[in-house]
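**Student:** Structure incoming, see below.
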Amino acid sequence: MKPSFLEKYANIRFAGFVFFILASIFCLYKIYDLSGKPSDAYKRPILTHQLKLVSFIGRHGDRSPSDALPKGDKHANKINFFWPNGMSNLTDAGEMRQFRIGLELRRRYGDFLDYNASRYLAFSSPIYRCKDS
Numbered sequence: 016m017k018p019s020f021l022e023k024y025a026n027i028r029f030a031g032f033v034f035f036i037l038a039s040i041f042c043l044y045k046i047y048d049l050s051g052k053p054s055d056a057y058k059r060p061i062l063t064h065q066l067k068l069v070s071f072i073g074r075h076g077d078r079s080p081s082d083a084l085p086k087g088d089k090h091a092n093k094i095n096f097f098w099p100n101g102m103s104n105l106t107d108a109g110e111m112r113q114f115r116i117g118l119e120l121r122r123r124y125g126d127f128l129d130y131n132a133s134r135y136l137a138f139s140s141p142i143y144r145c146k147d148s
């Protein structure tokens, strides 16, 4: 007896499901197999490499809003109370974040970087928060 269309369709779906399961098992095995092996880059001694350049691209830290409060707002005259560093400038949290980034850079590249400012080239937009960062 000839199989009906639904029986053929069910066989095709079952074969696809079996293929999917087998392919998934193979992929998981390969991921497991490769994850435990170090790559060749880690087998070489680190002493053969020497740091020659450090490039750092950063963005300014947390800042206060750039738009003033609406004129009718009861807190509009207390802007300096809420943001003592001024509008669009770094907040205390932003300054602290930039300080921590500097500490991390010094920790990571301290042997390479010295305190001679003439050895560094830095670019910044003319906005105070960017220069301060």
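Here my numbering is used: the first residue of the sequence shown is 16, the next is one more, and so on.
Built from N, CA and C at the ideal position, the CB exists for glycine as well.
As the structure is a computational prediction, the values presented were derived from the model and not from experiment.
Could you spell out the range, first to last residue, of the alpha helix (DSSP H) harbouring Tyr124?
**Tutor:** Counted from its first residue, the sequence shown places residue 124 at position 109. 107-124 is the span of the alpha helix (DSSP H), which, as asked, contains Tyr124.
**Student:** Considering Cα atoms alone, identify which of Met102, Asp88, His64 is closest to Pro80.
**Tutor:** On the sequence shown, position 65 is the one that residue 80 refers to. Among Met102, Asp88, His64, the Cα nearest to that of Pro80 is on Met102.
**Student:** State the CB to CB distance for the pair Asp147 and Leu105, rounded to an integer number of angstroms; the pair is presumed to be in contact (CB under 8 Å).
**Tutor:** One-based indexing of the sequence shown puts residue 147 at position 132. One-based indexing of the sequence shown puts residue 105 at position 90. Contact flag correct, Cβ pair sits at about 6 Å.
**Student:** For Asp77, which residues from the same chain have a beta carbon less than 8 Å from its beta carbon, with the 5 sequence-adjacent residues on both sides left out?
**Tutor:** Sequence index remark: in the sequence shown, residue 77 carries index 62 (1-based). Taken in chain order, the residues that qualify are Leu105, Thr106, Ala108, Gly109, Arg112.
**Student:** Just to check my reading of the structure: His75 and Cys145 have Cβ atoms closer than 8 Å, yes? What is that Cβ distance to the nearest angstrom?
**Tutor:** By 1-based counting over the sequence shown, the position of residue 75 is 60. By 1-based counting over the sequence shown, the position of residue 145 is 130. Contact flag correct, Cβ pair sits at about 5 Å.
**Student:** For Arg78, write down the residues that DSSP places opposite it in a beta bridge.
**Tutor:** Within the sequence shown, residue 78 is the residue found at index 63, counting from 1. Bridge partners of Arg78: Leu105.
**Student:** Would you tell me roughly how many angstroms separate the C-alpha atoms of Asn100 and Asp88, rounded to the nearest one?
**Tutor:** Locating residue 100 in the sequence shown gives position 85, where the first residue counts as 1. Locating residue 88 in the sequence shown gives position 73, where the first residue counts as 1. If you take the alpha carbons of Asn100 and Asp88, they lie about 20 Å apart.
**Student:** Could you check if Leu66 belongs to the surroundings of the ligand FAD, using beta carbon to heavy atom distance under 7 Å?
**Tutor:** For the structure depicted, the ligand FAD is absent and the ligand set is empty, with no information on it obtainable.
**Student:** Which residue marks the beginning of the alpha helix (DSSP H) containing Ser147, and which one marks its end?
**Tutor:** If you number the sequence shown from 1, residue 147 lands on position 132. The question names Ser, yet the displayed sequence has Asp at residue 147. Note, Asp147: alpha helix (DSSP H), 143-147.
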